[in-house]
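This report concerns only the one structure given below.
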Amino acid sequence: MASTYTDIELATYIDHTLLNPTATLEHVEQWCAEAERFNFPAVCVYPAAVRQATELLHGKAVGVCAVIGFPTGATTSAVKLYEAQEAVENGATELDVVINLGWLKAGKTDAVYQEIAQICEETGQMVKAILETALLSESEKRLAAELCMEAGAAFLKTSTGWYGGATVADVQQLQEVTRGPIGIKASGGIRTVEQALELIAAGATRLGTSRGPKLLQERDNLEKAGS
């Protein structure tokens with residue numbers, strides 16, 4: 001069991017996420033310091049915190065990710081595009097964009113595709129399309145994944161965490177659909193090292209969680225207990 005925890009560099013998967021609406025400037029500073037300390041790939045914050053995070057992480061190896069259209073995905077395409085462009089101007093290098101779920105369920109596939117494609121093209125930054133898998137049928141998950149892949153998304157992300165979290169089954173399905181260089185971000189409800197490792201084994205290449213430092217501490221404790 002101990003070798004399982006040491007085989008994977010868990011920190012390299014974690015987007016250190018701060019999406020509590022009451023988060024303060026001090027919280028942003030703490031999250032950025034932790035991301036740098038543990039070598040997380042990115043911090044994930046609301047657009048209003050992007051400039052602060054960018055300044056704190058200037059010259060560091062940690063990226064700044066902004067959520068767009070979060071958490072419902074129901075703002076207009078023009079608003080999402082502006083939000084994404086402003087986030088990039090403020091220093092965001094990654095954009096986690098919630099797709100329009102109502103459009104998807106209504107069969108407006110062209111609109112879903114065009115919205116993601118336009119953000120990808122006009123920002124030129126990494127886009128992670130949030131599918132909100134907990135609210136979709138199996139066929140809708142597949143359709144959403146295919147549309148976002150075709151639109152140029154660099155990652156498919158399972159969830160916002162507001163309506164349900166990542167599951168191994170959803171990650172496995174996305175892995176089956178993608179079968180290529182696109183990433184899969186599992187997000188929402190990742191509370192234990194066991195969960196994290198199961199999601200990675202299923203195909204996740206990023207994990208969105210606010211508990212990154214706690215997961216690493218748990219991993220260290222498990223390693224010591226198994227040694």
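Numbering (my numbering), first residue to last: 1 to 227. Cβ coordinates follow ideal geometry from the N, Cα and C atoms, glycine included. Nothing here was measured: the structure is a model prediction, and the numbers come from that model.
Asked, Found
"Within-9 Å CB hit, Ala201 to chain B", "The structure shown contains no chain B; it is built from a single protein chain."
"Bounding residues of the beta strand (DSSP E) (the contiguous stretch that carries Glu17)", "Glu is not the amino acid found at residue 17; the sequence shown has Thr there. 14-18 is the span of the beta strand (DSSP E), which, as asked, contains Thr17."
"Beta-carbon proximity of Val158 to Ala186, cut-off 9 Å", "Per the sequence presented here, residue 158 reads as Thr, with Val not at that position. Cβ distance < 9 Å, so Thr158 and Ala186 count as in contact."
"Coil, strand or helix - Lys108 by DSSP", "coil"
"Neighbour-count burial assignment, Asn39, 16 or more Cβ in a 10 Å radius", "exposed"
"Straight-line gap, Ala11 to Leu197 (C-alpha atoms, nearest Å)", "12 Å"
"Distance CB(Ala53)-CB(Val64) smaller than 9 Å", "yes"
"For Leu56 and Ser210, believed in contact at Cβ under 8 Å, the rounded distance", "No, Ser210 and Leu56 are not in contact; Cβ-Cβ is about 17 Å, not under 8 Å."
"Length of the line joining the Cα atoms of Ile99 and Ile130", "6 Å"
"Range of the contiguous alpha helix (DSSP H) that encloses Val97", "Unbroken run through Val97 is the beta strand (DSSP E), 94-98; no alpha helix (DSSP H)."
"Residues that DSSP places opposite Leu207 in a beta bridge", "Ile14, Ala186"
"With 16 other Cβ atoms within 10 Å as the buried cut-off, status of Tyr13", "buried"
"Residue nearest to Ala42 in terms of C-alpha spacing, selected from Asp96, Gln173, Lys224", "Asp96"
"Same chain only: Cβ atoms within 7 Å of Thr133, ignoring 5 sequence neighbours per side", "Lys141, Thr158, Ser159, Asp170"
"Leu57, enclosing beta strand (DSSP E) - first and last residue", "Premise fails: Leu57 is in no beta strand (DSSP E) and is neither H nor E."
"Sequence-distant residues of the same chain with beta carbon closer than 7 Å to Thr123, five excluded per side", "Ala84, Gln85, Val88, Leu95"
"C-alpha distance - Ala21 paired with Ser137, whole-angstrom precision", "A small correction: the amino acid at residue 21 is Pro; Ala does not occupy that position in the sequence shown. Rounded to the nearest angstrom, the two C-alpha atoms are 29 Å apart."
"CA nearest to the CA of Ser77, picked from Ile182, Lys60, Leu101, Ala201", "Leu101"
"Nonlocal neighbours in the same chain, by C-beta distance under 7 Å from Ile8, ignoring five residues either side", "Leu197, Ile200"
"Nearest residue (CA-CA) to Ile184, options Phe70, Thr93, Lys128", "Lys128"
"Identified DSSP bridge partners for Lys128", "Asp96, Phe155"
"Own chain residues within Cβ distance below 8 Å of Gly152, not counting five before or after", "Ile116, Ala117, Cys120, Glu121, Val127"
"CA-to-CA distance, Val45 to Ala263, given in whole angstroms", "Residue 263 is absent from the model: the chain starts at 1 and stops at 227."
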